[in-house]
Structure formats: structure tokens, C-alpha cells
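In the working numbering, the protein residues as written are 4 to 365.
Before any comments, here is the structure.
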Amino acid sequence: MEFQIAVIPGDGIGPEIVTEAMKILDKVGEVYGHTFTYKKLLMGGASIDAYGVPLTEETLEAAKNSDSVLLGAVGGNVGTSRWYQGPPETRPEAGLLGIRKGLELFANIRPAWLYRELADACPLKTEIVGEKGFDMVIMRELTGGLYFGERHTTVENGVRKAVDTLVYDENEIRRIAVKAFEIAAKRSGKVTSVDKANVLDSSRLWRAVVDETAREYPGIQVEHMLVDNAAMQLVMDPGQFDVVLTENMFGDILSDEASEITGSIGMLPSASLGKTKLGLYEPSHGSAPDIAGKDIANPIATILSAAMMLRYSFDLDREADAVEAAVQQALTDGYRTGDIYSEGCRKVGTREMGSVIAGYIR
Ligand code: NAD
């Protein structure tokens with residue numbers, strides 16, 4: 004099969020890690036008989052330097068016309084970079100918000116799992132993580148809720164008052180619930196929907212719509228959990244979760260908590276999906292300007308993002324499994340970039356890690 008991928012290297016370590024992900028895709032193409040073609044696009048600081056804005060219409064159009072988008076990361080050193088001298092909408096990260104909105108991506112998926120080989124980096128006690136470790140995905144609604152509601156600040160009788168509104172309609176909830184059930188069907192078949200239904204109307208609607216959607220997926224187990232309990236359960240018994248489905252702000256917080264308990268941010272991929280098969284795939288970490296250009300960045304989060312692209316945008320599950328297995332093999336054989344290095348392992352740079360993983364693709 005043939006796929007056209009829009010590749011946005013971005014800033015900082017972005018170009019280095021994206022190059023390694025393309026190396027892996029090329030190897031998958033060779034082994035499984037697919038052709039991946041790449042259209043390189045600028046976004047973030049690189050686009051500001053070239054065109055004066057973080058995202059051009061042309062870049063957005065080219066992304067829309069591709070089968071999927073692979074992104075490195077955008078942004079520079081916030082304290083010193085000239086990219087941060089103007090208002091928020093002129094900064095590199097505005098490109099990210101613009102492309103998510105332009106591509107109508109409403110579901111953000113961030114997996115968090117623990118590799119046995121990296122268990123030392125996990126801040127949780129061994130008896131909590133247990134033998135089986137954990138392997139979950141957090142599904143966060145991306146375009147509604149508190150971050151997109153009306154807001155204003157007023158002064159009444161000399162007292163400042165700020166208001167933010169949290170709005171969801173049932174269609175916004177249903178479309179992400181459907182995604183969560185579809186993804187659970189490809190995994191262990193359990194959805195934990197997280198809300199604050201004991202307090203919020205928007206959460207009560209969320210719960211009702213998730214239950215209605217669940218009737219269409221009889222094979223999937225559904226449970227509801229209050230967000231405060233979910234935050235606690237994540238550090239007390241992370242192994243209980245498979246797909247965690249939640250609204251925008253709860254998802255923002257819980258997905259950061261979940262990645263933190265893996266102890267290795269350079270390992271975690273992410274995907275943003277919409278109604279169609281077109282998705283945006285990027286590592287969970289940022290552009291790491293402090294280590295850019297040194298061939299020391301860990302490319303695994305980006306490589307695993309490419310694996311998610313194979314699985315969710317192209318329905319190439321076997322090929323995605325092969326990439327994940329190759330990453331596992333590299334870790335089992337002791338290859339480590341500096342961020343995940345421990346004594347007795349073999350320290351490699353960005354490029355070598357990519358080549359080692361490519362070599363394990365079967
Ligand atoms: P960061 O994730 O870039 O870096 C945090 C720390 O983790 C740094 O010490 C960095 O060296 C390290 N690190 C990150 N990725 C790594 C990797 N693959 N291998 C090894 N070490 C890695 O977060 P930050 O420093 O807060 O942000 C830096 C820039 O990235 C900022 O401009 C920020 O706005 C931007 N950012 C972009 C995205 C995105 O593009 N989606 C996300 C977060 C931050």
C-alpha cells in the first residue's frame with residue numbers, strides 16, 4: 004500500500020528524532036511491502052524564521068491533503084528565544100494549536116506503559132507496580148470544555164472576579180466516546196470514564212452519553228470513576244487501567260500524571276485524532292532545545308508515535324506490533340540513550356538508536 008505522510012520536523016531536537024522515525028517507516032515499508040512518501044513542512048519556530056508566522060495556510064492545506072501527519076516538536080528556549088517576543092498567537096506553540104484545530108482533531112491519545120527494563124526510573128514502589136507493570140492509554144477530549152468556554156474577568160466594588168465556563172454538548176462527548184470504545188476493542192477491552200458527576204452537570208451528561216455509547220459495544224467493559232479518585236488510583240494501582248476516557252482539563256492533568264509515573268518522558272508517544280483516518284502523531288515531550296543538535300535525544304517516543312500512525316491511521320496493526328517489538332528488543336539488548344541510561348547498559352546516540360531499532364524490524 005502507498006501512504007503520503009506530511010512530516011513536520013519542527014524545532015530543537017525535532018528534526019533529529021523525526022529522521023529516525025522515517026528510518027523506521029522506511030524499514031517497515033521494505034519488510035512489509037508498503038511505500039511511504041514524505042512531504043516536509045515547516046511549523047513553529049522554523050516557520051517563523053522562514054515565513055514570519057508559526058503556521059501558514061499552505062502548510063495546513065498540505066497537512067490536510069496527506070494521509071497523516073508526523074510531528075517532531077515545536078518551540079525554543081522560552082526565556083531567550085526571539086520567537087517569544089510577540090503575543091501568544093505569534094509564538095511557535097500557536098502553530099500546534101492551529102494545526103490541531105485546522106485538522107479538526109478532537110481526541111488526544113497518550114499511552115503510558117512501563118518497560119520492565121526501565122522499572123528503576125518509575126517513581127512508584129515495586130509492590131505498587133507489581134509483576135505486570137501497567138499499560139494504559141489516556142484519551143483526552145481536545146476541543147471542548149473549560150479551555151474553550153467563554154471567560155472574562157471583571158471588577159465589582161473593587162473586587163476582581165474571574166469566570167470560566169465549561170460546556171460540552173452530547174455530540175462532542177459521543178464522538179470521543181466512540182473513539183475510546185474503538186481503541187479499547189484493539190486493546191484489553193476496558194474503558195474507565197473519568198468525570199466529576201457528583202458535582203458537575205457537564206459530567207452527568209458525559210456519564211449518560213458514555214453509557215448510551217457503551218450499548219453499541221457490548222464486548223467492552225465500562226466503569227465510571229470520579230476524577231479525584233482517578234488521580235489517586237493512578238499512583239496506587241496503575242495496572243487496573245486500560246483506556247481512560249476523559250474531558251479536556253481532567254485529561255490534561257491525568258495524562259501528565261500518567262507519563263510521570265513511567266519515569267521516562269523520551270519514551271512516550273501521542274496521537275491526536277478526528278473523525279477521519281487523518282491523525283497527528285508526535286512525541287509527548289517538547290523540543291528539548293537544551294540537547295538539540297548533539298545526537299543524544301531519545302528518538303523512541305517519535306518512533307512509537309509512528310507506530311501509532313501505522314495502527315490508527317493506516318490500520319497496519321501487524322506493522323505497528325513489529326515496531327513496538329523492535330523497540331522492546333533494543334531495550335532488552337541493553338541499548339540506551341543518555342536519558343534512560345543505567346550502569347551496565349550500552350549508551351548510544353539518537354542515530355544509532357534509530358538504526359538498532361530499524362535492524363530489529365521483522
Ligand atoms: P521538553 O519536553 O522539551 O524537555 C524537558 C526535559 O526533558 C529537558 O531536560 C529535555 O532535555 C528532556 N527531554 C525531552 N525530550 C527528550 C528526549 N527525546 N530525549 C532526551 N531528553 C529529552 O520540555 P520543556 O523544556 O518544558 O520545553 C522545551 C520547549 O518545547 C518549549 O519551547 C516548549 O514550549 C516546547 N514544547 C513543545 C511541545 C510540542 O511541540 N508538542 C510540547 C511540550 C513543550
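The C-beta atom is built at its ideal place from N, Cα and C for all residues, glycine as well.
Since the structure is predicted, the reported quantities are computational estimates derived from the model, not experimental observations.
When burial is assigned at 16 or more other CB atoms within 10 Å of the CB, is residue i buried or exposed?
{"i": "Lys-164", "result": "exposed"}
{"i": "Tyr-54", "result": "exposed"}
{"i": "Glu-144", "result": "buried"}
{"i": "Met-270", "result": "buried"}
{"i": "Gly-89", "result": "exposed"}
{"i": "Asn-174", "result": "exposed"}
{"i": "Asp-198", "result": "buried"}
{"i": "Arg-113", "result": "buried"}
{"i": "Thr-335", "result": "exposed"}
{"i": "Glu-285", "result": "buried"}
{"i": "Ala-304", "result": "buried"}
{"i": "Met-311", "result": "buried"}
{"i": "Asn-251", "result": "buried"}
{"i": "Ala-9", "result": "buried"}
{"i": "Ser-345", "result": "exposed"}
{"i": "Val-230", "result": "buried"}
{"i": "Met-235", "result": "exposed"}
{"i": "Val-202", "result": "exposed"}
For residue i versus residue j, is the C-beta distance shorter than 8 Å?
{"i": "Lys-278", "j": "Arg-178", "result": "yes"}
{"i": "Ile-223", "j": "Gly-192", "result": "yes"}
{"i": "Val-238", "j": "Leu-58", "result": "no"}
{"i": "Pro-292", "j": "Gly-47", "result": "no"}
{"i": "Val-241", "j": "Ile-268", "result": "Here residue 241 is Pro; the residue named in the question, Val, does not match the sequence. No, Cβ-Cβ distance for Pro-241 and Ile-268 is not below 8 Å."}
{"i": "Val-72", "j": "Ile-27", "result": "no"}
{"i": "Ser-287", "j": "Thr-249", "result": "no"}
{"i": "Gly-266", "j": "Ala-124", "result": "yes"}
{"i": "Leu-283", "j": "Asp-70", "result": "no"}
{"i": "Asp-138", "j": "Gly-152", "result": "no"}
{"i": "Leu-313", "j": "Val-330", "result": "no"}
{"i": "Leu-117", "j": "Gly-148", "result": "no"}
{"i": "Val-213", "j": "Val-225", "result": "yes"}
{"i": "Ala-188", "j": "Tyr-220", "result": "yes"}
Within the present structure, is the beta-carbon of residue i separated from the nearest heavy atom of the ligand NAD by less than 7 Å?
{"i": "Gly-266", "result": "no"}
{"i": "Thr-83", "result": "no"}
{"i": "Asp-298", "result": "no"}
{"i": "Pro-292", "result": "yes"}
{"i": "Asp-52", "result": "no"}
{"i": "Ala-261", "result": "no"}
{"i": "Asp-255", "result": "no"}
{"i": "Asp-231", "result": "no"}
{"i": "Glu-96", "result": "yes"}
{"i": "Ala-304", "result": "yes"}
{"i": "Asn-301", "result": "yes"}
{"i": "Ala-340", "result": "According to the sequence displayed, residue 340 carries Thr and not Ala. Result yes, Cβ under 7 Å from the ligand NAD."}
{"i": "His-155", "result": "no"}
{"i": "Ile-141", "result": "no"}
{"i": "Gly-89", "result": "no"}
{"i": "Gly-242", "result": "no"}
{"i": "Leu-58", "result": "no"}
{"i": "Ile-16", "result": "yes"}
{"i": "Ala-274", "result": "no"}
{"i": "Ala-76", "result": "yes"}
{"i": "Ile-20", "result": "yes"}
{"i": "His-288", "result": "yes"}
{"i": "Leu-108", "result": "no"}
{"i": "Glu-285", "result": "yes"}
{"i": "Gly-269", "result": "yes"}
{"i": "Gly-79", "result": "yes"}
{"i": "Leu-99", "result": "yes"}
Counting only the same chain and skipping the five closest in sequence on each side, list residues whose C-beta sits under 6 Å from that of residue i.
{"i": "Pro-302", "result": "Ile-20, Glu-23, Thr-353, Met-356 and Gly-357"}
{"i": "Gly-105", "result": "Leu-63"}
{"i": "Met-228", "result": "Thr-195 and Val-197"}
{"i": "Asp-342", "result": "Gly-269 and Asn-301"}
{"i": "Val-351", "result": "Tyr-338"}
{"i": "Ile-51", "result": "Pro-57 and Trp-86"}
To which residues of the same chain is residue i closer than 7 Å at the C-beta, ignoring the five residues directly before and after it?
{"i": "Thr-216", "result": "Arg-177, Ala-180, Val-181 and Phe-184"}
{"i": "Ile-294", "result": "Ile-16 and Ala-300"}
{"i": "Gln-332", "result": "Tyr-363"}
Got a sec? Which residues, its chain only, sit under 8 Å from residue i by beta carbon, not counting five neighbours each side?
{"i": "Ala-122", "result": "Thr-129, Val-132 and Gly-136"}
{"i": "Cys-348", "result": "Gly-337, Tyr-338 and Arg-339"}
{"i": "Ala-325", "result": "Val-31, Val-34, Tyr-35, Ile-364 and Arg-365"}
{"i": "Gly-79", "result": "Asp-14, Gly-15, Gly-48, Trp-86, Tyr-87, Pro-95, Ser-290 and Pro-292"}
{"i": "Val-140", "result": "Ile-112, Arg-113, Pro-114, Ala-115, Ile-186, Arg-190, Asp-245, Val-246 and Val-247"}
{"i": "Pro-18", "result": "Pro-12 and Gly-75"}
Margin query: Closer than 8 Å is the cut-off here; do at least three beta carbon pairs connect the region 195-208 with the region 88-103?
Written below: Result no; under three Cβ-Cβ pairs closer than 8 Å.
Check: Counting pairs of Cβ atoms below 8 Å between the region 244-261 and the region 32-47, do you hit three or more?
Finding: With a cut-off of 8 Å on Cβ pairs, the region 244-261 is not in contact with the region 32-47, counting fewer than three such pairs.
Checklist line | Touching by the beta-carbon criterion (3+ pairs, under 8 Å), the region 320-330 and the region 41-50 | finding: In this structure the region 320-330 does not lie against the region 41-50, because fewer than three pairs of beta carbons, one per stretch, are closer than 8 Å.
Note to self: Check whether the region 268-288 and the region 128-138 are in contact - that is, three or more C-beta pairs closer than 8 Å.
What the structure shows: no
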